[in-house]
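Data first, discussion second: the structure below is written as structure tokens.
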Amino acid sequence: AECGAGSGMAAAAITVMSGGTTEQALGAASLAIQNSFGMTCDPIANRVEAPCLGKNVMASTNAISCANMAMAGYRQLIPLDEVLVAMKKVGEQIPHEMRCETWWQEGCVLGRIDVQQP
2 AECGAGSGMA AAAITVMSGG TTEQALGAAS LAIQNSFGMT CDPIANRVEA PCLGKNVMAS
62 TNAISCANMA MAGYRQLIPL DEVLVAMKKV GEQIPHEMRC ETWWQEGCVL GRIDVQQP
């Protein structure tokens, strides 16, 4: 949810700051969130930043792309409010072990791998 929510907010903000309408900003947010459905948190060597850094970089480029698409007139297929409901449903279906908020207690699959640091 972190990458999707952040990407959606950034896409909307970029659209507004670029002179886009409210409708375009909501469309950009909808597109950005749709692109991130189903992402899991799976820390490498118990370091959450290893996979999350790359995922957040991808989310930022996703936000820029979705803002540009909305500004160019591309209309999202699903309204933002429906995307948010779907996002909640998808998130609830992801196993707890793969959710970022619980890895500290339970440990994720890759979090258990011992990776040698240089």
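FYI, the numbering used here numbers position 114 of the sequence shown as 115, with every residue one higher than the one before it. We put the beta carbon where it would ideally sit given N, CA and C, even for glycine.
- Bridge pairing for I79: absent [DSSP].
- Annotation for M18: the continuous alpha helix (DSSP H) segment containing it runs E3 to M18.
- Residue environment for G21: buried (at least 16 other C-beta atoms within 10 angstroms of its C-beta).
- If you draw a straight line from the Cα of G28 to the Cα of C53, it is about 25 angstroms long.
- Between V84 and Q25, the gap from beta carbon to beta carbon reaches 8 angstroms or more.
- Taking C-beta atoms as the reference points, C4 and K56 count as a pair closer than 8 angstroms.
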